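**Q** Before I ask anything, here is the structure I am working with.
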Amino acid sequence: MDNLTSISLFILQGAVISLKIYVVTFIFAIPLGMLCAVGKLTKFAPLKWLLEVYTWLFRGTPLLLQLFFVYFGLPFIGVRFTAEIAAYITFIINYGAYFTEIFRAGIQSIDKGQYEAAKALGMNYKLTMRRIIIPQAVKVILPPTGNEAVNLIKDTALCSAITLADILRNAKSMVSSHASVEGYFIAAILYLIMTFIIINVFKYIERRFTYYN
Amino acid sequence: MGEIIRVENLHKSFHSLHVLKGINFKVNKGEIVSVIGPSGSGKSTLLRCLNHLEVADKGSISFEGNYIAKSDTTGKAVYKSNKEVLAICSNLGMVFQNFNLFPHKSVLQNIMEAPIMVKGKSKEEAEAKAVELLDKVGLLEKKDAYPNQLSGGQKQRVAIARALAMEPEIMLFDEPTSALDPELIGEVLQVIKQLAEERMTMIIVTHEMSFAREISDRVIFMDDGQIVVDGVPDDIFVNPEHPRIKTFLNKVL
Chain A
2 MDNLTSISLF ILQGAVISLK IYVVTFIFAI PLGMLCAVGK LTKFAPLKWL LEVYTWLFRG
62 TPLLLQLFFV YFGLPFIGVR FTAEIAAYIT FIINYGAYFT EIFRAGIQSI DKGQYEAAKA
122 LGMNYKLTMR RIIIPQAVKV ILPPTGNEAV NLIKDTALCS AITLADILRN AKSMVSSHAS
182 VEGYFIAAIL YLIMTFIIIN VFKYIERRFT YYN
Chain B
6 MGEIIRVENL HKSFHSLHVL KGINFKVNKG EIVSVIGPSG SGKSTLLRCL NHLEVADKGS
66 ISFEGNYIAK SDTTGKAVYK SNKEVLAICS NLGMVFQNFN LFPHKSVLQN IMEAPIMVKG
126 KSKEEAEAKA VELLDKVGLL EKKDAYPNQL SGGQKQRVAI ARALAMEPEI MLFDEPTSAL
186 DPELIGEVLQ VIKQLAEERM TMIIVTHEMS FAREISDRVI FMDDGQIVVD GVPDDIFVNP
246 EHPRIKTFLN KVL
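The structure is reproduced here in structure tokens:
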């Protein structure tokens, strides 16, 4: 029993970096995705083209490769980050690309008539987006955003590959040092608890948007 | 009486489809003008050009003498800046076939939105006006409802109140009853009739022939992108000389 407690505590320490990556990614990737989504919907072709390349590049290659590139690859051209900073940068840019596509699709799903009604009432583009389009798009993008929120907690485990002592890496080292399988069970339980919380937070938010259809 | 809208030699194409082929007309203050004609004749496109929901290719559009678009020497329509056009067009209220209410806002919020955000009115002032307008269209008890809780006829009455809240100089109706179940058409026409009695200037694109005949000072008959007849209702409904009007009326009456 003593053994199990010490294993658990050690793995739990790993949750600190997992959660840090989670929170930092969410805080920065969401605004990044919003800006890029609005950028993709402008008529300015070079910007659209640039953002198209961005989302293709980061959705089209493995996140693990991106992590390796930033942490192990960039030092060869003289750019060095700590493992933690490398993880933040990679996760934010990677998830920003997914959020860009989710938000773009959400905004585009709003009926053209809404823009016309706003314009006929004298509302300019900025006001129309802020007051009419984006509030409605939020409802549309909540379910796919919730999906990404769940994926992200699991994806944080990839940071163990660039030396960070997260849940998975600590679990693995406990399994090796104690020559027993419990470490993986404990890690799985931790992930399940976190995803359970996230799923329910999103359920709660989605319910708050059911006041209209 | 003062002129509100003047349209000169208006042309509009969608790709290779020439929808408006040189439209000329004007509307004076207090006039009620209906636009009728077969589907695809360009009625809605004409109306949508007036408040810049469609961009005309050629010709001029002016509101109270201010040009929104003015034709240059080649005839091409040259628009003022978006900001100026938006400011002028906010004097034109628009009612759509599909209502286009804001689904995430309550009835009251739908009506108060533009007066507060565009005209900078206080919340109290906007709410008082909204309540007054809802009372006028007979929907005061629905003020806290959301659009999805309303029938089509009620939605359209809210949409009319929303447009009126901006205190427009002229109201444009784009087939306001075409999306409604037959039993709901009357309540919407009743509201429009009430506006007519108050001499609100209106342009109404409609398929309701008897309504157009009853309410209008002038009726414009459009076919194939052109105005065929612009006259008093009797010119069209009683003594239609033009064969195209006869054919059309035989189909719809």
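These protein sequence lines map, in sequence, to chains A and B. When we follow my numbering, the leftmost residue of the first sequence carries the number 2, and every step to the right adds one. When we follow my numbering, the leftmost residue of the second sequence carries the number 6, and every step to the right adds one. Backbone N, C-alpha and C fix where the C-beta goes; we use that ideal spot for every residue, glycine too. Keep in mind the model is a prediction, meaning the values are calculated, not measured.
Could you spell out where the alpha helix (DSSP H) holding Leu2(B) opens and where it closes?
**A** Outside the displayed span of chain B (6 to 258) sits residue 2(B), for which this structure offers no information.
**Q** Of all the beta strand (DSSP E) runs that stay within the bounds of the segment 38–88 of chain B, which reach a length of 3 or more residues?
**A** Taking only runs of at least 3 residues, the beta strand (DSSP E) segments lying wholly in the segment 38–88 of chain B are 63–68, 71–76 and 82–84.
**Q** Do you know offhand how far Lys88(B)'s Cα is from Asn125(A)'s?
**A** Here residue 88(B) is taken as the residue at index 83 of the second sequence, counted from 1. Here residue 125(A) is taken as the residue at index 124 of the first sequence, counted from 1. Between Lys88(B) and Asn125(A), the C-alpha separation is close to 8 Å.
**Q** Is it true that the segment 105–115 of chain B meets the segment 124–140 of chain A, where meeting means three or more beta-carbon pairs spaced less than 8 Å apart?
**A** The segment 105–115 of chain B, when compared against the segment 124–140 of chain A, does touch it at the 8 Å Cβ threshold.
**Q** How many angstroms separate the CA atom of Pro43(B) from the CA atom of Phe29(A)?
**A** Residue numbering aside, residue 43(B) sits at position 38 when the second sequence is read from its first letter. Residue numbering aside, residue 29(A) sits at position 28 when the first sequence is read from its first letter. For Pro43(B) and Phe29(A), the distance between alpha carbons rounds to 54 Å.
**Q** My assumption, with CB atoms under 8 Å, is that Gln231(B) sits in contact with Asp179(B). Please give the rounded CB distance.
**A** Taking the first residue of the second sequence as position 1, residue 231(B) is located at position 226. Taking the first residue of the second sequence as position 1, residue 179(B) is located at position 174. About 19 Å; that fails the 8 Å criterion.
**Q** Alpha helix (DSSP H) containing Thr206(B): first to last residue?
**A** Counting from one through the second sequence, the residue named residue 206(B) turns up at place 201. Taken as a continuous stretch (DSSP letters only), Thr206(B) belongs to no alpha helix (DSSP H), being part of the beta strand (DSSP E) at Thr206 to Val210.
**Q** My assumption, with CB atoms under 8 Å, is that Ala170(B) sits in contact with Ala119(B). Please give the rounded CB distance.
**A** Stepping through the second sequence from its first residue, residue 170(B) is reached at position 165. Stepping through the second sequence from its first residue, residue 119(B) is reached at position 114. That pair is a contact at about 7 Å.
**Q** Could you name the residues of the segment 143–167 of chain A whose beta carbon sits closer than 8 Å to any beta carbon of chain B, in the order they occur along the chain?
**A** Listed in sequence order: no entries.
**Q** Starting from Asp235(B), follow the beta strand (DSSP E) in both directions and report where the run begins and ends.
**A** Counted from its first residue, the second sequence places residue 235(B) at position 230. Residues Gln231 to Gly236.
**Q** According to a CB-to-CB cut-off of less than 9 Å, which residues of the segment 15–46 of chain B neighbour chain A?
**A** Answer in chain order: no residues at all.
**Q** Determine whether the beta carbon atoms of Pro145(A) and Gly107(A) lie at a separation below 9 Å.
**A** Along the first sequence, read from residue 1 onward, the residue named residue 145(A) stands at position 144. Along the first sequence, read from residue 1 onward, the residue named residue 107(A) stands at position 106. For Pro145(A) and Gly107(A), yes; Cβs fall inside 9 Å.
**Q** Could you tell me the boundaries of the alpha helix (DSSP H) in which Ser9(A) lies?
**A** In the first sequence, the residue the question calls residue 9(A) occupies position 8. Taken as a continuous stretch (DSSP letters only), the alpha helix (DSSP H) holding Ser9(A) covers Asp3 to Lys41.
**Q** So Val136(B) and Arg162(B) are in contact, right, with Cβ under 8 Å, and what is the actual spacing, rounded?
**A** Position 131 of the second sequence, counted from the first residue, corresponds to residue 136(B). Position 157 of the second sequence, counted from the first residue, corresponds to residue 162(B). That belief does not hold up - the Cβ atoms of Val136(B) and Arg162(B) are roughly 14 Å apart, past 8 Å.
**Q** So, is the C-beta of Gly79(A) closer than 9 Å to a C-beta in chain B?
**A** For the purposes of this step, residue 79(A) is taken as the residue at position 78 of the first sequence. Not closer than 9 Å to any Cβ of chain B, the Cβ of Gly79(A) fails to qualify, so no.
**Q** Which residues mark the beginning and the end of the alpha helix (DSSP H) in which Met117(B) is found?
**A** Position 112 of the second sequence, counted from the start, is the residue given in the question as residue 117(B). Segment Val112 to Met122, the alpha helix (DSSP H) holding Met117(B).
**Q** Rounded to the nearest angstrom, what separates Leu20(A) and Asn201(A) at their Cα positions?
**A** Numbered from 1 along the first sequence, position 19 holds the residue referred to as residue 20(A). Numbered from 1 along the first sequence, position 200 holds the residue referred to as residue 201(A). Looking at the two C-alpha atoms, the distance is approximately 17 Å.
**Q** Which residue from Lys141(B), Val237(B), Ser46(B) and Gly158(B) puts its Cα closest to that of Ile37(B)?
**A** To locate residue 37(B), count along the second sequence from 1; it is residue 32. Measuring from the Cα of Ile37(B), the nearest candidate turns out to be Val237(B).
**Q** Roughly how many angstroms separate the alpha carbons of Ala217(B) and Ser39(B), rounded to a whole number?
**A** The residue you call residue 217(B) lines up with position 212 of the second sequence. The residue you call residue 39(B) lines up with position 34 of the second sequence. So the two alpha carbons sit approximately 6 Å from each other.
**Q** Using 9 Å as the limit for Cβ to Cβ distance, is Met124(A) near chain D?
**A** As a matter of chain content, chain D is missing from the structure shown, whose protein chains are A and B.
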